[in-house]
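Chains as they are written, first to last, in the UniProt record's numbering: chain U, 1 to 204; chain R, 1 to 204; chain G, 1 to 204; chain H, 1 to 204.
This report refers to the structure that appears directly beneath it.
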DNA sequence: TATGAATGAGGTTTCATTCAT
DNA sequence: CATGAATGAAACCTCATTCAT
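Here it is, written out as structure tokens:
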């Protein structure tokens, strides 16, 4: 029982890992099943034992990714629609991104591919749902942009800042702070349920 | 003078147009030369008369795109490094995007492809240069994020807001406003060369 | 004793049934073991417990089919070579087809496959033997055609008449009648051992 | 200008010839494009220059085959619906089969394949049309069988008689004669428009 | 009696590219 | 300025088959 035959039921997992790695690195179309198989030291046919098609591999990755997002959405829908909730939503989202960095990078960099990938639609819907949870129903155009930018900046942030020096965790916190500011600015006091001690006038 | 013989010599341009359209719609890898040729009602071989390789087509598109950016960089480098310059830089950049929406969409959605496309590097460098022009040399991490987000939001904005109703030009202005705010926030008075008439206190 | 555990030991039979069904429906090559296994809700490997190869499955079907034919041949060879015997041979053959309709349909529609299937040769030989039992040794070319057509019509008849309305059993009888006529015509009185009461002259 | 580069525009034809040969010999599914290409000493990709898919090759063969049949149908539909017309129809059909022997053999032996080949339906319809031209509208079941058998015997005849010695043309004539007899028997005098000099009584 | 995991060979198809005309 | 014909490489996928458990 050496090293290579002991891998019991973890092949499926290993395929997902390698696939994600390569998809993120080179893109979905440019990554061939041969490549994945070679890196795993199995045959292409073995991949097809675990996944019915190439698309199936990526779908399985998406599913893993979407679960936490769905939970987040469920949570937010059960909360009062206050600024605090929105800020917390952004915070939690930022955190869940941390564990799925590669996949988010993949999606960010392969939107054209993702778009017609069936499941891509599902992801887009979730983004729209999050967006709907961040913005007020009657928000002005600028505030809509702020909310969208907040979400996008969290997605794009990590790899857009690869050339910026610094501790990854610090970067994430900086990104989170900017996103939070955007959301906060998009929910001005005048639009929030009035509070007696807030006497500010809305910015024009 | 029918419809099909009037196109004299403009074939090269037509190839670029159709290619960009398809690249933006489906991605670079998923768009085949056959498809481009068919839509133009010429043969694949005809494409090779005008472009040496498939990559050459995309390179030519990049070159057209980069020219205005280079001009913008040249202009900015000749200006004083004030907040006003930065705001104007953002404004001008936003405007030049307007005419190259498809190509920017393509780049935004096909980063993985663009990345190892030789010319992709060139584009990235230009982005870094713009970034360098927006941020102060000793900017804090948060302010770096603000500058990057400003740039990104302009790229991503247009198609991220496809499902938002409204006049495109109004949207662009909203995006520009948010980007400007981000840049402004990233260049707080305390960091700018002090001016006698600015009495604001820096935000902590 | 649920539904799925009652099948004790009859798996082999069930494989044959499903395989025949699919072979007849789609052809041998186009039917994969995966398909058979799925329809049976077992794994492909289970098929290999019961049959050594895919061809083995079809061979086993042929063997079941050939047994009655062999009995028929044995019977016919023990009879006097009269027209009555031939007519009875056709009648009995028609009857034995009834219970193997699917397999005959398969053979009729997949001759190209059957041809190089080892056992296919065996079937062809049996057909030639039957043919030899129907025709007179010195039969004219036309009479040879009649005999061959008689056999073929019985094979092809059933599914060639799928779009003809009517009771299956009635159809079979009609086919049998035509086949009998052909055999009768192929064995004219002049060639049969003369009988005192038959005064017909041979047809030109 | 040797032998191998002079083949100007005949490649398409050569593909059809070789494909038909191999399809008839081994069946459609068992014949790979590699095989066809190798026999032609071209690459597989060359086949795809001339035909969009493997199925396309066979479709083109069918089209060539169907043309004469369609002409025959058109002709027959313009004739009076007499026994003589039907006999002539059979005669002409037999003749047109002569030049398409391989394709008919292919169809006869690969019905399962042909069945779901789109164009297969078209062929079946033509057969039904021919059948409808041979039989009287209110024909009895037995007469319907006779007409079907007449058609089938012509299809199957040639290769079913491969082991029968004799001149091919003589064989064809013998088959034609049997087919004609079947059609004649299927159109008894009592069912034909009465003619003053035909005093026969109908057979029961 | 059956399964889970894997393989090797081969299938059809598509692609970017070339070159004589 | 463009085409018709072809190529070589590689893509995704399927199949029959094996074997340890």
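Just so it is clear, CB atoms sit at the ideal spot from N, CA and C, and this is done for glycine as well.
If you're wondering where the values come from, they're calculated on a predicted model, not measured in any experiment.
CB of residue i within 7 Å of CB of residue j, strictly
i              : j              : result
residue 183(R) : residue 134(R) : yes
residue 106(G) : residue 155(G) : no
residue 153(H) : residue 149(G) : yes
residue 112(R) : residue 110(U) : yes
residue 158(H) : residue 101(H) : yes
Rounded straight-line distance, which links the Cα of residue j to that of residue i
i              : j              : result
residue 24(U)  : residue 62(H)  : 48 Å
residue 13(R)  : residue 60(R)  : 10 Å
residue 88(R)  : residue 32(R)  : 40 Å
residue 164(H) : residue 77(G)  : 22 Å
residue 64(H)  : residue 17(H)  : 12 Å
residue 162(R) : residue 131(U) : 13 Å
residue 175(G) : residue 68(G)  : 20 Å
residue 26(R)  : residue 90(R)  : 29 Å
residue 168(U) : residue 144(R) : 14 Å
residue 166(H) : residue 172(H) : 10 Å
residue 151(U) : residue 125(U) : 13 Å
residue 10(R)  : residue 122(R) : 27 Å
residue 180(G) : residue 170(G) : 15 Å
residue 137(R) : residue 128(R) : 13 Å
residue 92(G)  : residue 141(G) : 25 Å
residue 160(U) : residue 53(G)  : 57 Å
residue 108(G) : residue 75(G)  : 25 Å
residue 66(U)  : residue 115(G) : 54 Å
Neighbourhood of residue i by C-beta, 6 Å cutoff - its chain only, sequence neighbours within 5 removed
i             : result
residue 85(G) : 79
residue 28(H) : 110, 113
Cut-off 7 Å between Cβ atoms - residues of its own chain near residue i, not counting five sequence neighbours on either side
i              : result
residue 200(U) : Because residue 200(U) sits at a pLDDT of 47, beneath the cut-off of 50, its placement in the model cannot be relied upon, and the point is left open.
residue 81(H)  : none
residue 22(H)  : 31, 35, 36
residue 43(R)  : 37
residue 119(H) : 59, 62
residue 117(R) : 55, 58
Own chain partners of residue i with C-beta closer than 8 Å, once the 5 adjacent residues on each side are dropped
i              : result
residue 15(R)  : 36, 40, 47, 50, 51, 57
residue 147(R) : 131, 134, 135, 139, 182, 183, 186
residue 213(H) : Because chain H is modelled from 1 through 204, residue 213(H) falls outside the range shown and cannot be assessed.
residue 98(U)  : 172
residue 20(U)  : 61, 102, 103, 106
residue 4(H)   : Residue placement at residue 4(H) is flagged as unreliable, the pLDDT there being 44, under the threshold of 50; the coordinate-derived value follows with that caveat. The answer, listed in chain order, is 41.
Residue i Cβ short of 6 Å to the ligand ADP heavy atom set
i             : result
residue 41(H) : Questions concerning the ligand ADP fall outside what the structure shown contains, since it holds no ligand whatsoever.
(Q) Runs of 4 residues minimum, wholly inside the segment 82-121 of chain H: which ones carry the alpha helix (DSSP H) assignment? (A) You should have 83-98, 101-109, 111-115.
Q) Which ranges does the alpha helix (DSSP H) cover as unbroken runs of at least 4 residues, wholly within the segment 28-52 of chain U, from first to last along the chain? A) Here the runs fully enclosed are 33-40, 44-50.
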